[in-house]
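Just below is one structure, and these are the notes that go with it.
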Amino acid sequence: MEAVFLRLSGLSSEVGHLRSFYYGRRSLSRIDGAIVRSLGSVVSVEQYVRRIALLKEMERSGITVMNPVEGLVMARDKYGALALLSRHGIKVPRTLVTEDLGLAYNFSKEVGRVVVKPLIGSRGYGSVLIEDPEVALRVFKTLISFNQVIYVQEYVAKRHFDLRVFVLGGEVLACIKRVSVVPGEWRTNIAQGGKAEAYKAPPEVEEMAIKACEVLGLWYAGVDVIERGGEYLILEVNAAPDWHGLMEATGVKPAEAIIDFIVEKVKK
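Residue numbering for the sequence shown follows the numbering used here, starting at 1 and increasing by one per position.
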């Protein structure tokens with residue numbers, strides 16, 4: 001079995017004559033499986049729809065896509081993912097998604113410290129911690145002026161660390177504690193300068209992370225968990241997680257485990 005790196009932006013498909021896939025101008029006569037690590041740089045709705053449609057057609061053609069496309073789409077929508085997790089009894093922070101400026105302002109006044117995030121994104125990019133409702137209002141106005149959705153979440157104080165639980169095939173492969181070491185930086189993401197430390201997750205955290213993946217239909221994911229007052233909450237679930245910090249901290253090699261997993265799926 002040969003492994004080839006392909007960018008989704010370069011993938012094409014034809015129907016109506018010969019049902020086939022192309023990469024550039026090269027016909028892809030046979031694809032057994034695909035591991036989706038990113039949807040690539042998406043700057044328009046049309047690009048997003050096209051790439052998702054291609055992945056779905058790959059699945060319909062009998063190609064094993066990892067993660068499954070429906071799970072990938074659900075996890076990419078932070079609000080939709082949290083809403084589904086909450087429906088299944090998994091604790092999540094209080095979160096509001098809206099295009100109503102007044103509602104967002106009232107939420108920030110009621111909650112206090114809030115985090116404004118992009119509805120779609122990862123690595124902590126674009127997330128802002130705001131402690132003053134008046135400042136939050138100015139941020140909300142800016143978002144609305146650019147036709148953006150307001151996605152705002154209560155800030156859960158985390159003593160400068162949270163947990164990233166890496167789940168694969170219904171089991172916890174590894175867990176790290178992400179610690180903020182940059183002065184004045186509240187985000188613990190490795191991409192924002194956070195430090196990863198190997199961590200043995202409590203059984204309830206492992207069960208929560210595994211259940212989250214089952215609910216969202218994911219074969220593998222990075223589940224971000226935080227502790228508050230003796231209970232655990234899921235902040236978000238990343239369906240295409242980075243693992244550089246996790247690999248250095250734990251010695252676990254997720255790439256090899258993921259490849260072994262999909263190879264077994266393809267064989268079945």
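Glycine residues also receive a C-beta, built at the ideal position from the N, C-alpha and C atoms.
Proximity test, residue i beta-carbon vs the ligand MG heavy atom, cut-off 7 Å
i: Lys-56; result: Only the bare structure without any ligand can be found here, which leaves the ligand MG out of the picture.
Opening and closing residue of the alpha helix (DSSP H) in which residue i lies
i: Ala-53; result: 45 to 60
i: Leu-216; result: 203 to 216
i: Ala-258; result: According to the sequence provided, residue 258 is Ile. The question's Ala does not apply to it. Where Ile-258 is concerned, the enclosing alpha helix (DSSP H) stretches over 254 to 267.
i: Leu-163; result: Where Leu-163 is concerned, there is no enclosing alpha helix (DSSP H), although the beta strand (DSSP E) it sits in stretches over 161 to 168.
i: Ala-249; result: 244 to 250
Nearest neighbour of residue i, chosen from the options [CA to CA]
i: Leu-235; options: Glu-59, Ala-157 and Arg-37; result: Ala-157
i: Glu-197; options: Met-208, Thr-250 and Leu-216; result: Thr-250
i: Ile-90; options: Leu-18, Ala-209 and Ile-150; result: Ala-209
i: Ala-34; options: Asn-67, Val-45 and Lys-195; result: Asn-67
i: Val-40; options: Arg-50, Val-205 and Gly-170; result: Per the sequence shown, the amino acid found at residue 40 is Gly instead of Val. Out of Arg-50, Val-205 and Gly-170, Arg-50 has the C-alpha closest to the C-alpha of Gly-40.
i: Leu-11; options: Phe-5, Leu-18, Glu-2 and Tyr-23; result: Tyr-23
i: Gly-230; options: Glu-204, Ile-258 and Glu-2; result: Glu-204
i: Glu-171; options: Glu-207, Met-74 and Lys-253; result: Glu-207
i: Phe-261; options: Thr-64, Ile-52 and Ser-13; result: Thr-64
i: Leu-143; options: Val-73, Val-97, Ala-174 and Cys-175; result: Val-97
i: Val-339; options: Ser-29, Arg-76 and Gly-16; result: No information on residue 339 is available, as it lies outside the stretch 1 to 268 that the chain covers here.
Where the beta strand (DSSP E) through residue i begins and ends
i: Arg-25; result: Per DSSP, Arg-25 belongs to no beta strand (DSSP E) and is neither H nor E.
i: Glu-110; result: Unbroken run through Glu-110 is the alpha helix (DSSP H), 101 to 111; no beta strand (DSSP E).
i: Gly-33; result: 33 to 35
i: Ala-174; result: 171 to 179
i: Ala-198; result: 195 to 198
i: Tyr-155; result: Per DSSP, Tyr-155 belongs to no beta strand (DSSP E) and is neither H nor E.
Supposed close pair residue i, residue j - CB separation, criterion 8 Å
i: Leu-246; j: Phe-166; result: 6 Å
i: Tyr-155; j: Leu-129; result: 6 Å
i: Leu-55; j: Val-69; result: 5 Å
i: Ala-239; j: Ala-221; result: 5 Å
i: Leu-85; j: Val-4; result: At roughly 34 Å, the Cβ-Cβ gap does not stay under 8 Å, so Leu-85 and Val-4 are not in contact.
i: Gly-71; j: Gly-217; result: 3 Å
Status (buried if at least 16 other CB within 10 Å, exposed otherwise) for residue i
i: Ala-255; result: exposed
i: Lys-117; result: buried
i: Phe-21; result: buried
i: Ala-288; result: The requested residue 288 does not occur in the structure, where the chain is confined to residues 1 to 268.
i: Phe-146; result: exposed
i: Asp-132; result: exposed
* Which residue spans inside the stretch 124 to 153 form an unbroken beta strand (DSSP E) run of at least 3? -> Those beta strand (DSSP E) runs which fall completely within the stretch 124 to 153 and span 3+ residues are 128 to 130.
* **alpha helix (DSSP H) runs wholly inside the stretch 70 to 96, at least 4 long, in chain order** => 78 to 87
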